[in-house]
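Top to bottom, those sequences are chains C and D.
FYI, my numbering numbers position 76 of the first sequence as 76, with every residue one higher than the one before it.
Just add 213 to the spot in the second sequence (first one is 1) and you have my numbering.
There are 2 protein chains.
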Amino acid sequence: MPRQRAGAHGPELPATAWAVLGLLSFGTELSGYDLKKWADNSLRFFYWSPASSQIYAELRRLEDRGYTQSRVAASDGLRPKRLYRVTPAGRAALRDWVRHGDYEPTVLKHPTVLRVWLGHLGDAKTLRRAVEAHRDAANEELTAAQHAHDNAPRTWPYPVAVTQWAVRHAQAEVELADALLADLDRIDRRARSGAQRTTGTKITTTTAKTTTR
Amino acid sequence: MPRQRAGAHGPELPATAWAVLGLLSFGTELSGYDLKKWADNSLRFFYWSPASSQIYAELRRLEDRGYTQSRVAASDGLRPKRLYRVTPAGRAALRDWVRHGDYEPTVLKHPTVLRVWLGHLGDAKTLRRAVEAHRDAANEELTAAQHAHDNAPRTWPYPVAVTQWAVRHAQAEVELADALLADLDRIDRRARSGAQRTTGTKITTTTAKTTTR
DNA sequence: TTGCCCATGTAATTTGTTACATGATTTA
DNA sequence: TAAATCATGTAACAAATTACATGGGCAA
Chain C
1 MPRQRAGAHG
11 PELPATAWAV
21 LGLLSFGTEL
31 SGYDLKKWAD
41 NSLRFFYWSP
51 ASSQIYAELR
61 RLEDRGYTQS
71 RVAASDGLRP
81 KRLYRVTPAG
91 RAALRDWVRH
101 GDYEPTVLKH
111 PTVLRVWLGH
121 LGDAKTLRRA
131 VEAHRDAANE
141 ELTAAQHAHD
151 NAPRTWPYPV
161 AVTQWAVRHA
171 QAEVELADAL
181 LADLDRIDRR
191 ARSGAQRTTG
201 TKITTTTAKT
211 TTR
Chain D
214 MPRQRAGAHG
224 PELPATAWAV
234 LGLLSFGTEL
244 SGYDLKKWAD
254 NSLRFFYWSP
264 ASSQIYAELR
274 RLEDRGYTQS
284 RVAASDGLRP
294 KRLYRVTPAG
304 RAALRDWVRH
314 GDYEPTVLKH
324 PTVLRVWLGH
334 LGDAKTLRRA
344 VEAHRDAANE
354 ELTAAQHAHD
364 NAPRTWPYPV
374 AVTQWAVRHA
384 QAEVELADAL
394 LADLDRIDRR
404 ARSGAQRTTG
414 TKITTTTAKT
424 TTR
């Protein structure tokens, strides 16, 4: 006999679908376009941001499942938009996922660290620049997260806690990048002192762009 | 006229392909199976780990591009395996990506935080458990990263720096989870004290599983 | 009046996962 | 001798991205 999946109610949906449905669970009626914007402003801090085309696809699927309902709002003069809202069935399914969904591991893809890992094929200068670019991006994330946190309505305590998490996460990312930069400098210094007479290694002390100065 | 992509040498490959090629760039000849194991032991700390089937697919693509070469090693008695190594062209292309590849943003998908974000649909107990499960997983990551760091050969300074980064990253993840747990408790406490006479809210003080005790 | 933002999507493609097939070897 | 593990994959599917189409309003 076929084994039953743990807590199988309907066919399982990926976390991304719950994320989209979740955006609708705060009560407001939203269009696909709105959803994309909200995803960019909140979701993306802890669960990336799907392309608009994917959001539309998810909305279609959610409507097929009966988890959302849509109506066309022809706001006078303006081009009509399709507004989605969550149905009772959708709310129940989402609630069930939040409460009883299986643990899913975090997915992390960090191209900058991948580059550093392959540092034996790079040079100190471009490697440093790559990490600096990442640190700058993390710093911008930090400001954006701080902004999101400040503007989060206090009526929703969980999103407030999550934006706080996002702020701390961005801070950690910046610190991690700085520590990595320090390690890169150490590697560079050791290479410089150790490769005094190695073939093809021209030592130009002027190139050094040290932080400790 | 068609605009040229920044630094277009061949058709651009995704970071994942460079990750697989990168595993081969440390000198050893590896089979697809070996590659999967190495990915699980090193790559996965900063750049997830592709399924074996995807590794085989990437290897085929890399060989099509002329970036890898393979031979069948029929180690007597044992089932023959196909061993891959990087070609000079592959090394050059990888080197070029490390040095001049465009900045790619980090991808983060954090289902646990997503759950917390939707906390208004959950209950304090299961929410707490979900975050605790994540913290435990992060703690295991920490031990694994520490192990990887301790066992990393000192001849490769960059992987050493990266495993160090992975250790610090896992530590940060644990701390982030603990801070989030504290915030969840605060929310729970506020809800308990504020909902004294709300309809349908039965207050059972015995259910409380407080950390500060 | 040209070009950009709003808004809604479709089509094609790529990326990645799950499930399965196969056969040999090692371990319980 | 049953099972797990090694090793190499294929097939089918799902998830996600890129590129494109469309048309209206609005600002330069």
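A virtual CB, placed ideally from N, CA and C, is assigned to each residue, including glycine.
For a quick check, are the C-beta atoms of residue i and residue j less than 7 Å apart?
i, j, result
"residue 297 of chain D", "residue 243 of chain D", "yes"
"residue 383 of chain D", "residue 361 of chain D", "no"
"residue 380 of chain D", "residue 48 of chain C", "no"
"residue 24 of chain C", "residue 334 of chain D", "no"
"residue 393 of chain D", "residue 165 of chain C", "yes"
"residue 293 of chain D", "residue 285 of chain D", "yes"
"residue 90 of chain C", "residue 67 of chain C", "yes"
"residue 172 of chain C", "residue 385 of chain D", "yes"
"residue 43 of chain C", "residue 19 of chain C", "yes"
"residue 46 of chain C", "residue 323 of chain D", "yes"
"residue 128 of chain C", "residue 184 of chain C", "yes"
Give the range of the alpha helix (DSSP H) segment to which residue i is assigned.
i, result
"residue 133 of chain C", "124-151"
"residue 316 of chain D", "Run containing residue 316 of chain D: none; DSSP gives neither H nor E here."
When you compare only the Cα positions, how much space is there between residue i and residue j?
i, j, result
"residue 274 of chain D", "residue 309 of chain D", "18 Å"
"residue 399 of chain D", "residue 161 of chain C", "10 Å"
"residue 176 of chain C", "residue 146 of chain C", "19 Å"
"residue 420 of chain D", "residue 276 of chain D", "Because residue 420 of chain D carries a pLDDT of 41, less than 50, the predicted location of this residue cannot be relied on, and the following value inherits that uncertainty. Rounded to the nearest angstrom, the two C-alpha atoms are 60 Å apart."
"residue 253 of chain D", "residue 241 of chain D", "17 Å"
"residue 58 of chain C", "residue 355 of chain D", "35 Å"
"residue 371 of chain D", "residue 188 of chain C", "10 Å"
"residue 98 of chain C", "residue 130 of chain C", "38 Å"
"residue 313 of chain D", "residue 118 of chain C", "13 Å"
Use the C-beta contact count for residue i: other C-beta atoms within 10 angstroms, 16 or more gives buried, fewer gives exposed.
i, result
"residue 134 of chain C", "buried"
"residue 33 of chain C", "exposed"
"residue 154 of chain C", "exposed"
"residue 112 of chain C", "buried"
"residue 126 of chain C", "exposed"
"residue 263 of chain D", "buried"
"residue 216 of chain C", "The first residue shown for chain C is 1 and the last is 213, placing residue 216 of chain C beyond what the model contains."
Starting from residue i, follow the beta strand (DSSP E) in both directions and report where the run begins and ends.
i, result
"residue 295 of chain D", "294-299"
"residue 283 of chain D", "281-286"
With DSSP run on the structure shown, which of helix, strand or coil describes residue i?
i, result
"residue 368 of chain D", "coil"
"residue 7 of chain C", "Because residue 7 of chain C sits at a pLDDT of 38, beneath the cut-off of 50, its placement in the model cannot be relied upon, and the point is left open."
"residue 28 of chain C", "coil"
"residue 184 of chain C", "helix"
"residue 275 of chain D", "helix"
"residue 321 of chain D", "strand"
"residue 331 of chain D", "coil"
"residue 264 of chain D", "coil"
"residue 168 of chain C", "helix"
"residue 35 of chain C", "helix"
"residue 13 of chain C", "coil"
"residue 425 of chain D", "Any reading at residue 425 of chain D must be qualified, since the residue scores a pLDDT of 35, below 50, and its modelled position is unreliable; the value itself is stated next. The answer is coil: DSSP assigns residue 425 of chain D none of H, G, I, E or B."
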